[in-house]
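Student: Here this note's numbering is used: the first residue of the sequence shown is 102, the next is one more, and so on. I am attaching a structure below and will ask some questions about it afterwards.
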Amino acid sequence: MIRPVPHAAHPGTEGAHPGTEGDETRRLRGALRDLVALTALPALWVGRTPDQILSSLLEVVVGLLGADLAYARVAGESGGVALEAAHGDGVVGVDAAVVARALGERLAVLEPDVVRGVRHPIEPGTITLVTTPFGVAGRHGLLAVGAGREGFPSETERLTLEVAANQAVIAIQAAMVAAETRRQAEELRESERMRLTLLGNLPGAAYRSMAGPGWPVQYLSEAVTELTGYPPEDFLGPAPRVRMGELLHPDDRAGVWQRIKQAVAEHRPYENVYRLRRAGGDEKWLWDRGQGVYAPDGSLLALEGFVTDITARKRMEDQLREQTETIETVNQVGRMLSAELDLRTLVQGVTDAATRLTRAAFGAFFYNLTSERGESYTLYTLSGVPREAFERFPMPRNTPLFGPTFRGERPVRIDDVTRDPRHGQNPPYHGMPPGHLPVRSYLAVPVVSRTGEVLGGLFFGHPSAGVFTEREERITVALAAQAAVAMDNARLYEKEQRARAEAETANRTKDEFLATLSHELRTPLNAVLGWTVMLRGGTLQEPTRDRALEAIERNARMQAQLIEDLLDISRIVTGKLRIEARPVDLAAVAEAALDAVRPAADARRIELVVHCDHHAGPVTGDPGRLQQVVWNLLSNAVKFTPEGGRIELRVARAGDHAQVIVRDNGIGIAPDVLPYVFDRFRQADGSITRQHGGLGLGLAIVRHLVELHGGTVDVTSDGPGEGTTFLVILPRDRAAMPVEPPGVAPAAGTSDGPPCLDGLRVLIVEDAVDGRDLLSAMLVSRGADVRVASSAADAFATVSSWPPDVIVCDLEMPGEDGYSLLRRVREVDAERGRTTPAIAVTPYGGVEDRRRTLAAGFRLHLSKPLDPTELTLAVASVAGRL
């Protein structure tokens with residue numbers, strides 16, 4: 102059996118071994134040594150775990166006491182066993198409930214209930230089990246030792262157990278403290294590792310700045326290096342090498358500190374977005390959120406926060422904002438272009454929008470216009486700079502830089518024009534003219550209509566390099582396309598408005614003309630009828646009768662001239678006005694016209710100054726019609742020159758031409774009227790016409806007659822009150838053969854027919870079949886040897902194999918036109934040592950058309966439809982048959 106011994110029992114000498122006093126002394130000394138040794142156990146067990154300490158305790162106790170078994174355990178905080186150890190032959194453990202009962206009731210219990218698994222129980226006696234309680238960190242512990250010998254436990258052994266248990270408590274508590282310390286240290290290390298890992302993985306840097314002068318940085322995470330380019334240690338301490346505040350963009354500093362101060366004053370978090378200059382000089386956008394750390398009295402101790410890089414986000418925001426602004430601006434421009442029909446407003450709006458969207462320092466739009474006369478010219482508008490900045494410089498030329506844009510080929514975008522090989526190659530400046538705005542970045546985009554016509558070009562410049570990217574180019578191309586459509590619409594609208602205005606003006610002028618015609622016809626008719634009735638009454642005396650006859654004759658002639666002018670206008674309109682051409686002394690014709698107007702000039706005391714060079718001619722023409730030209734110009738001058746004025750008539754030679762100049766110091770012509778003085782129904786306002794009389798058709802007749810003679814007529818005037826100058830230029834007849842060909846409307850006493858063209862080789866070039874056959878029949882009927890060609894290529898082949906004496910050529914042909922054909926013919930003529938005379942045939946009969954054909958080398962310019970006699974006379978004239 103196991104006999105439990107209560108812990109409180111002290112049996113004195115019970116269980117002591119008999120012996121002498123010396124034995125007892127030795128025994129006590131040995132026990133004392135054991136007790137002293139036990140006090141060293143905690144030092145020996147340093148570094149061991151509580152479990153290991155319990156096991157070592159049992160080994161020490163069994164060894165010291167010679168016990169058969171030992172058991173120890175410590176209860177858990179919430180029940181159960183936290184630590185447990187056993188020692189002995191086959192001992193597995195002691196049931197806690199059994200031990201507790203044994204301790205509480207101090208009763209002997211059956212061996213199997215107390216010690217389980219003892220393979221060699223002690224027989225036949227019993228084992229005495231002594232228990233010693235202890236406490237560890239507020240938890241209950243138990244040390245139980247059993248021995249089967251007599252006298253166990255002695256007082257010394259009981260003391261030894263208590264000391265051993267106490268030392269175990271000391272060692273276990275130290276081990277538990279060490280374990281807790283190690284656990285806390287490990288948790289601290291893990292927490293720091295987690296903190297560093299989290300901070301290292303966050304897209305930004307954490308900071309702590311202490312309140313005080315300079316806001317010294319106490320902590321800054323490693324990510325600050327990526328943000329700023331500086332290591333954290335450069336920011337730390339009271340005297341850092343780099344201060345964060347100094348890296349802030351100057352424009353952002355005040356706002357950042359203001360928001361922090363306001364947030365600190367209100368004890369709330371703050372947020373800031375600002376730009377920061379990095380170590381490499383580049384900039385980043387940062388987002389900063391933090392809050393103050395306050396003392397119990399509310400004073401600020403530090404600022405703690407987190408800052409992260411939002412440059413990519415800002416860039417995306419900027420791009421989105423730019424795209425939004427671009428779309429909005431393009432839409433605004435589109436709405437403006439769709440609604441705007443004024444060309445100048447339109448191009449200015451496009452230039453302003455494109456300059457803003459491309460971020461150019463300045464922009465320019467050079468655009469082409471055509472005047473009402475068909476003259477082409479270029480205008481420009483500017484954006485970003487005053488117009489005075491460009492007025493001193495010439496218009497852009499067709500250089501390698503500007504040429505592709507003006508030809509409508511492609512956009513030109515150059516990052517640095519000063520490094521472009523095309524720059525600086527053209528005189529006189531070899532680069533930018535002195536005083537020109539500096540340009541490095543260059544962008545130019547042509548503006549081309551739907552039909553392929555080049556309407557102009559958009560040009561942009563910036564003094565910095567690399568400003569214009571593909572984005573700016575795409576935007577400008579889109580705006581140029583919109584501008585082209587709008588300009589087409591504006592031009593169509595302007596053309597329609599001009600046509601409407603011209604039609605209204607024509608109708609109004611026609612009505613005014615009819616009213617004037619009625620007045621001018623009725624006025625002389627009134628005098629004729631009035632004096633006639635009085636003459637038939639027989640009541641007039643001789644002087645009055647003579648004056649009446651003169652009035653009748655004068656007014657009859659006036660009416661005849663009006664009718665003749667009307668007939669001439671009718672012939673001009675229907676194309677039936679013809680001339681009887683022959684060599685004419687232009688000076689003699691001019692003097693004859695002067696004699697006709699001299700009485701009227703003398704009556705108004707107008708001085709006539711005449712300079713007529715009889716060597717200026719001869720010219721080929723109709724002397725009667727040429728005299729009509731000069732007479733109309735002189736009559737016009739007399740009509741509009743006040744009394745006591747001056748009129749100059751000059752006939753002179755000018756190279757291969759003869760010229761007639763009629764200059765007066767009369768009322769002059771207003772600039773807005775000047776372009777229309779040769780137009781029918783557009784000579785002057787109604788009041789002038791009524792004041793001076795006449796139908797105002799004379800100058801229209803003059804222009805047509807001069808053009809029929811292959812010449813030109815121009816008028817100049819400095820304005821009202823500054824007089825007027827008319828200049829007639831006629832080609833001189835270098836052959837000067839005194840031949841008087843018959844005309845379609847021969848003069849009185851003349852009965853000759855059209856000239857004969859027998860044997861004359863004539864090449865007709867006309868793409869229209871009917872026109873070709875008609876021209877051929879006209880000339881064949883007069884005896885000419887005619888060949889025809891339907892194109893310039895066929896004509897050139899004929900010229901090469903059959904050299905003609907005269908070429909009659911249509912100008913408007915598909916493919917190669919008449920101008921190009923004549924240039925090729927002249928190359929062949931140069932090889933043959935001859936010049937084939939050529940006559941241009943065209944439906945266009947304007948002054949500019951005649952000038953162009955004569956300048957190209959054609960001898961005469963005939964307008965369709967052609968009269969057979971007119972064509973025959975023209976061919977005979979250029980062939981020298983007149």
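Ideal Cβ placement from N, Cα and C applies to all residues, glycine included.
(1) Assign Gln642 to one of three DSSP states: helix, strand, or coil.
(2) With DSSP collapsed to three states, give me the class of Gly477.
(3) Between Gly745 and Val829, what straight-line distance do the alpha-carbon atoms span, to the nearest angstrom?
(4) Can you find the residues in the same chain that come closer than 6 Å, C-beta to C-beta, to Leu806, ignoring five residues on each side of it along the sequence?
(5) Apart from the five residues just before and just after Pro225, which ones in its own chain have a Cβ nearer than 7 Å to its Cβ?
(6) Let's test the definition: count the other Cβ atoms within 10 Å of the Cβ of Glu258 and tell me whether it reaches 16, buried, or not, exposed.
(7) Go ahead and pull the three-state DSSP assignment for Gly981.
(8) How is Leu538 classed by DSSP in three states: helix, strand or coil?
(9) Have a look at Ala941 and Ala584 and give me their C-alpha separation to the nearest angstrom.
(10) Which of the three DSSP states is assigned to Pro821 in this structure?
(11) May I ask you to report which of helix, strand or coil DSSP gives Asp968?
(12) For Arg414 and Leu387, what's the separation of their Cα atoms in angstroms?
(13) Relative to the alpha-carbon of Pro151, which residue among Ala275, Gly177, Trp358 and Met914 has its alpha-carbon at the smallest distance?
(14) Verify whether the separation of the beta carbon atoms of Pro564 and Leu538 is less than 9 Å.
(15) Using 8 Å for Cβ pairs, my map puts Leu775 next to Val763. What's the rounded Cβ distance?
(16) Would you say Pro341 faces chain E, with C-beta separation under 9 Å as the test?
(17) Could you tell me the alpha carbon to alpha carbon distance between Glu654 and Ala701, rounded to whole angstroms?
(18) So, with DSSP's three-state summary, where would you put Leu145?
(19) With distances taken between CB atoms, is the gap from Ser542 to Phe569 smaller than 9 Å?
(20) Can you tell me which of Ala403, Thr936, Thr229 and Tyr308 puts its alpha carbon nearest to the alpha carbon of Ala314?
(21) Could you check whether the segment 870–886 touches the segment 854–862, counting it as contact only if at least three pairs of C-beta atoms, one from each stretch, sit closer than 8 Å?
(22) Work out the CA separation of Glu597 and Leu631 for me, nearest whole Å.
(23) If you draw a straight line from the alpha carbon of Ala307 to that of Met295, how long is it in whole angstroms?
(24) Among the residues of its own chain, which have a CB less than 6 Å from the CB of His241, if the five just before and after it don't count?
(25) Look at the alpha carbon of Val408 and the alpha carbon of Tyr395, and state the distance between them as a whole number of angstroms.
(26) Name the residue from Arg592, Tyr468, Gly567 and Thr479 whose alpha carbon lies nearest to the alpha carbon of Val546.
(27) Should Ala759 go down as buried or exposed, given a rule of 16 or more other Cβ atoms within 10 Å for buried?
(28) Determine, using beta carbons only, whether Arg646 and Leu636 come nearer to each other than 9 Å.
(29) Are the segment 681–698 and the segment 708–723 in contact at 8 Å, needing three or more beta carbon pairs?
(30) Tell whether a beta-carbon distance below 9 Å holds between Ala652 and Val634.
(31) Does DSSP put Ala587 in a helix, a strand or coil?
(32) Nearest CA to the CA of Leu458: which residue from Gly553, Val434 and Glu510?
(33) By Cβ distance below 6 Å, which residues in the same chain neighbour Ile361 in space, the five residues on each side in sequence not counted?
(34) Taking the beta strand (DSSP E) that Phe561 falls in, what are its first and last residues?
(35) Does the distance from the CB of Arg933 to the CB of Pro905 come in under 9 Å?
(36) Which residues share a DSSP beta bridge with Asp859?
Tutor: Taking the coordinates as given:
(1) Translated into the one-based positions of the sequence shown, residue 642 becomes position 541. Coil, per DSSP.
(2) Numbered from 1 along the sequence shown, position 376 holds the residue referred to as residue 477. The sequence shown places Ser at residue 477, not Gly. Reduced to three states, the DSSP call for Ser477 is strand.
(3) Numbered from its first residue, the sequence shown carries residue 745 at position 644. Numbered from its first residue, the sequence shown carries residue 829 at position 728. Each residue's alpha carbon lies about 26 Å from the other.
(4) Along the sequence shown, one-based indexing puts residue 806 at 705. Arg726 and Val730, listed in sequence order.
(5) What you label residue 225 is simply residue 124 of the sequence shown in a count that begins at 1. With a pLDDT of only 44 at Pro225, under the threshold of 50, the placement of this residue in the model should not be trusted; the figure read from the coordinates follows. None.
(6) Here residue 258 refers to the residue found at position 157 of the sequence shown. Buried is the call here.
(7) Position 880 of the sequence shown, counting from 1, holds the residue named residue 981. The DSSP-derived three-state label of Gly981 is coil.
(8) Within the sequence shown, the letter at position 437 stands for residue 538. It is coil, neither helix nor strand.
(9) To locate residue 941, count along the sequence shown from 1; it is residue 840. To locate residue 584, count along the sequence shown from 1; it is residue 483. Taking the straight line from one Cα to the other gives about 40 Å.
(10) Here residue 821 corresponds to residue number 720 of the sequence shown, with the count starting at 1. Pro821: coil per DSSP, three-state reduction.
(11) Residue numbering aside, residue 968 sits at position 867 when the sequence shown is read from its first letter. Of the three classes helix, strand and coil, the one that applies to Asp968 here is coil, per DSSP.
(12) Looking up residue 414 in the sequence shown gives position 313. Looking up residue 387 in the sequence shown gives position 286. If you take the alpha carbons of Arg414 and Leu387, they lie about 10 Å apart.
(13) Along the sequence shown, read from residue 1 onward, the residue named residue 151 stands at position 50. Nearest option by C-alpha distance: Ala275.
(14) Locating residue 564 in the sequence shown gives position 463, where the first residue counts as 1. Locating residue 538 in the sequence shown gives position 437, where the first residue counts as 1. Yes. Within cutoff.
(15) For the purposes of this step, residue 775 is identified with residue 674 of the sequence shown, where counting begins at 1. For the purposes of this step, residue 763 is identified with residue 662 of the sequence shown, where counting begins at 1. Incorrect: roughly 16 Å between the Cβ atoms, too far for contact.
(16) Included in the structure is just one protein chain, with no chain E present.
(17) Stepping through the sequence shown from its first residue, residue 654 is reached at position 553. Stepping through the sequence shown from its first residue, residue 701 is reached at position 600. Approximately 16 Å between the Cα atoms of the pair.
(18) Counting from 1 along the sequence shown, the entry for residue 145 is found at position 44. Leu145 falls in the helix class under three-state DSSP.
(19) The residue labelled residue 542 in the question sits at position 441 within the sequence shown. The residue labelled residue 569 in the question sits at position 468 within the sequence shown. A contact, by the Cβ cut-off of 9 Å.
(20) Within the sequence shown, residue 314 is the residue found at index 213, counting from 1. A quick correction: the sequence has Pro, not Ala, at residue 314. Nearest option by C-alpha distance: Ala403.
(21) yes
(22) On the sequence shown, position 530 is the one that residue 631 refers to. On the sequence shown, position 496 is the one that residue 597 refers to. As written in the sequence, residue 631 is Gly, which differs from the Leu given in the question. Straight-line Cα distance between these residues: approximately 50 Å.
(23) Numbered from its first residue, the sequence shown carries residue 307 at position 206. Numbered from its first residue, the sequence shown carries residue 295 at position 194. Ala307 and Met295: Cα-Cα distance of roughly 14 Å.
(24) As a working note, residue 241 is residue 140 in the sequence shown. Same-chain partners within the cutoff: Ala176.
(25) As a first step, residue 408 must be located in the sequence shown, where it is residue number 307. As a first step, residue 395 must be located in the sequence shown, where it is residue number 294. Distance between the alpha carbons of Val408 and Tyr395: 21 Å.
(26) Within the sequence shown, the letter at position 445 stands for residue 546. Closest by alpha carbon: Tyr468.
(27) Position 658 of the sequence shown holds residue 759. A residue is called buried once 16 or more other Cβ atoms fall within 10 Å of its Cβ, and Ala759 is buried on that count.
(28) Looking up residue 646 in the sequence shown gives position 545. Looking up residue 636 in the sequence shown gives position 535. Against a cut-off of 9 Å, the Cβ pair of Leu636 and Arg646 comes out as a contact.
(29) yes
(30) To locate residue 652, count along the sequence shown from 1; it is residue 551. To locate residue 634, count along the sequence shown from 1; it is residue 533. No, the Cβ-Cβ distance between Ala652 and Val634 is not below 9 Å.
(31) Numbered from 1 along the sequence shown, position 486 holds the residue referred to as residue 587. Assigned with DSSP and collapsed to three states, Ala587 falls in helix.
(32) Stepping through the sequence shown from its first residue, residue 458 is reached at position 357. If we check each option's Cα against that of Leu458, Val434 comes out closest.
(33) Taking the sequence shown and counting its residues from 1, the one referred to as residue 361 is at position 260. Excluding sequence neighbours, Ile361 sits near Tyr371.
(34) Translated into the one-based positions of the sequence shown, residue 561 becomes position 460. Val555 to His563 is the extent of the beta strand (DSSP E) around Phe561.
(35) Position 832 of the sequence shown, counted from the start, is the residue given in the question as residue 933. Position 804 of the sequence shown, counted from the start, is the residue given in the question as residue 905. Between Arg933 and Pro905, the gap from beta carbon to beta carbon reaches 9 Å or more.
(36) Here residue 859 corresponds to residue number 758 of the sequence shown, with the count starting at 1. Answer by DSSP bridge pairing: none, since Asp859 is not bridged.
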